[in-house]
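Accompanying notes for the structure given below.
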Amino acid sequence: MSGDFSAEQKRYLEGFISGAQAMRGQGLAGHGLAGHGPAPAGQPAPEPTGPEAASHKAMARTEAEGRKLTPEEKAKREELGLDSYDRMKAHAAEGTFPKGPDMLRWKYHGLFYVAPAQDSFMCRLRMPNGILTHWQVRGLADIAQDHGGGYSDVTTRANLQIRDIPATDGVILLEKLVDLGLTAKGSGADNIRNVTGTPTAGIDPQELLDTRPYAKDWHHYILNSRDMYGLPRKFNVAFDGAGLIGALEDTNDIGFQAIEVKDGFGIAPGVWFRLALGGITGHKDFARDTGVILKPEEATKVAAAIVRVFIDTGDRTDRKKARLKYVLDAWGFEKFLAAVEQKLGAPLTRCPAEAVAPRPEQDRMAHLGVHPQKQAGLNWIGVGLPVGRMTADQMRGLADIAAGMGDGHLRLTVWQNLLLSGIPDAHVAAAKEVVAGLGLTAEPSVLQAGLVACTGAAGCRFGNADTKATARAIGAHCGPRVALDGPVNIHVTGCHNSCAQHYIGDIGLVGARVPLNDEGDTVDGYHLLVGGGFGTDAAIAQELYRDVTAEAAPVLVEKLLKVWLAHRAPQEPFAAFTRRLPTDQLTSLIDTQPVEAEAGA
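505 is the number that our numbering gives to position 522 of the sequence shown; each next residue is one higher, with no gaps.
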């Protein structure tokens, strides 16, 4: 294109020509136009080339079928977010936040403009397997203090978010992350999100496999393969090594599960990955076993082939259906796996279920308190972070413990807390004392272990309620009133996107605007569900109450927990109890359950 055009004019013309070409089965190349405009009469249209070719062909096929692309797809074809860095930097210099399609494009660099909840950016990082060094955590504390709100939030993908970032500081923050050996690239928008793995990888006494090298290999492949950014929607991948603390891999689009294959089935015995596909619990589905196994070193190439089939076939007309689950629902597993094999150029290995040894069970309390590592004389200490939040000073203090008493690493978990690893027996008591001095706890608590909350309305435009405030209120109210003797997961999420995965909680609360009167006034509230689970107890929670106000939620949870304790069968877990009782019987017991009066009432 002529240098006489401005950057804005170039983007407009490229988008216009792209759309016209796509209607005739043409498209754009990875950088600019494929060719120099429409093909002359009588000549075939040029094929899209470059790393964006597959996604542009998929867009063109969609339009050729007479279907309409979503605005997000059109925006990506006009300018992929990865190419917006210069403009993003110019906006930062001017102190302006993105508008329109640029809100999507900035997310490719990890910056989320979260108005109207907050007139600021949130930055979500990437860290394979959720592991950070002590100096990275200390550096992140400085970044959060200098350019954000002075705190960070641990997410349900064993990741970190920094919030309250001014318009002027977003790019500065991104560049400082790179100085720390970190990145936020591709952590938002239609990309492959942070790669999760077993939090205790390499130190877990029961693990079948150390997931760290495989999570890291996939992480670097994503960062260095531009076509991996051509997805129709976001994508999640997790590696579970069968350790004591799970990675919730069955809630991911791809779950790699370490398994042991027994001898005598015509397959080399030993540790393999079992392939599970299609998890998206916000849409009420877990990743399902495909019957395929693969050598761990093959995980990256198999994942890449799966993603490329998804790029070719995912829905680009309806954001709600643009996930792998819906391709699998439409095609079936065998047709999809045949397409993956075609991408690979080789067959996948099938394995009968009876050839797989039972996997070790997880310990739902292993992410809090002191636990011995496989290395003699060393321990990990699980530190509880109230609803995943820690201040910059707490981050520095935890980094000091890791550097001075541990192996120098801090490990985030999908349960929104962290582990200090490599703590010698002789230093455990001192480490716990320092943790307590930071206003945190290293003592195991059943309630703390299972309390999970997304950002909610305080920091997300989709949130219908302030989830972190509600989760804190539930903890503060129920803690002194309910003596729990077994794990209960309470997941508080702000909207149907289910970032806190309310469908897998023993108790799940999903944000809703609760009507107060006929004039349309509403308050923060929730629909309450029970009976969810994960792993070997995987189940989708079922709705029990609708339109519970946020103010009433802590008391309702108290009553629900007390009904379980009073009426359960011996050793009956909470989820099993709520699944066993008919809904009307359960609600009758709850509604008549007395509650403890407030102190001083």
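Every residue gets a Cβ at the ideal spot worked out from N, C-alpha and C, and that includes glycine.
Would you call residue i buried or exposed, if buried means 16 or more other Cβ atoms sit within 10 Å of its Cβ?
i	result
LEU16	Confidence in LEU16 is poor, its pLDDT being 35 and thus under 50, which makes the residue's placement unreliable; the coordinate value appears in the next sentence. LEU16 comes out buried.
GLU579	exposed
GLY253	exposed
ASN207	exposed
GLY20	With a pLDDT of 39 at GLY20, under the threshold of 50, the modelled position of this residue cannot be trusted; read the value that follows with caution. Exposed.
SER103	buried
SER571	exposed
VAL178	buried
ASN480	exposed
ALA549	exposed
GLU317	exposed
LYS267	exposed
HIS74	buried
ASN112	buried
GLY508	buried
VAL161	exposed
PHE248	exposed
ALA278	With the sequence shown as reference, residue 278 is identified as Lys, and Ala is not the correct amino acid for it. Burial call: exposed.
GLY13	Note on GLY13: pLDDT 36, under 50, position unreliable in the model; no value is reported.
THR575	exposed
ARG563	exposed
So which of the options has the shortest CA-CA distance to residue i?
i	options	result
LYS51	THR179, ILE250, VAL285 and ARG302	ARG302
GLY352	GLU35, ARG529 and ALA419	ALA419
SER67	LEU434, ARG444 and MET86	MET86
ASP236	VAL310, THR116 and LYS451	VAL310
TRP35	ALA47, ASP449 and LEU65	Sequence check: residue 35 is Glu here, not Trp. Closest by alpha carbon: LEU65.
GLU158	MET71, HIS202 and PRO577	MET71
GLU61	GLN144, VAL137 and SER38	SER38
ALA466	LEU277, LYS545 and GLY488	LYS545
ILE490	ARG496, GLU541 and GLY226	GLU541
HIS354	ILE148, GLY405 and TRP255	GLY405
ILE175	LEU191, ILE276, ALA184 and ILE289	ILE289
HIS410	ASN362, LEU421 and THR424	ASN362
GLY131	GLY422, ALA459, MET373 and TRP314	MET373
LEU327	ALA287, GLY274 and ASP298	ALA287
GLY371	VAL493, ARG529, LEU143 and THR566	LEU143
ASP530	ALA313, GLY494 and LEU543	GLY494
PRO470	GLU555, PRO565, TYR204 and ASN500	GLU555
GLU190	ALA43, ALA459, PHE256 and LEU434	PHE256
Going by DSSP, name the residue or residues bridged to residue i.
i	result
ASN362	PRO355 and ILE406
MET105	PHE95
THR505	PRO498
SER135	ILE145 and MET373
HIS474	VAL435 and GLY491
ILE263	ASP268
GLY238	ALA221 and ALA259
GLU243	VAL254
THR424	GLY367
GLY153	Its beta-bridge partners do not exist; DSSP assigns none.
TYR204	According to DSSP, which records beta bridges pairwise, TYR204 is partnered with nothing at all.
HIS130	For HIS130, which the question treats as bridged, DSSP gives no partner whatsoever.
THR183	The partner list for THR183 (beta bridge, DSSP) is empty, contrary to what the question assumes.
Is it true that the CB of residue j sits closer than 8 Å to the CB of residue i?
i	j	result
VAL97	GLY442	yes
THR181	ILE228	yes
ARG394	LEU402	yes
ALA41	ASP295	yes
ARG216	ARG306	yes
VAL417	ILE384	yes
GLN399	VAL137	yes
ALA483	THR450	yes
TYR197	PHE218	no
ILE126	ILE145	yes
ALA141	VAL244	no
THR264	ILE573	no
VAL275	ARG333	yes
LYS308	GLY261	yes
LEU569	LEU527	yes
HIS117	ALA375	no
Problem set entry | the region 332 to 347 touching the region 382 to 395, judged by at least three CB pairs closer than 8 Å | no
Problem set entry | the region 83 to 92 touching the region 167 to 176, judged by at least three CB pairs closer than 8 Å | yes
Exercise. Is the number of C-beta pairs between the region 315 to 326 and the region 74 to 89 that are closer than 8 Å three or more?
Worked result: no
Exercise. Just checking, does the region 278 to 291 make contact with the region 363 to 377 on the three C-beta pairs under 8 Å criterion?
Worked result: no
Exercise. Would you say the region 54 to 68 touches the region 105 to 121, given that touching needs at least three Cβ pairs under 8 Å?
Worked result: no
For this session: Spell out a yes or no on whether the region 513 to 525 and the region 423 to 443 are touching, meaning 3 or more CB-CB pairs, one atom from each, closer than 8 Å.
Result: no
Exercise. So, do the region 469 to 476 and the region 431 to 440 have three or more beta carbon pairs nearer to each other than 8 Å?
Worked result: yes
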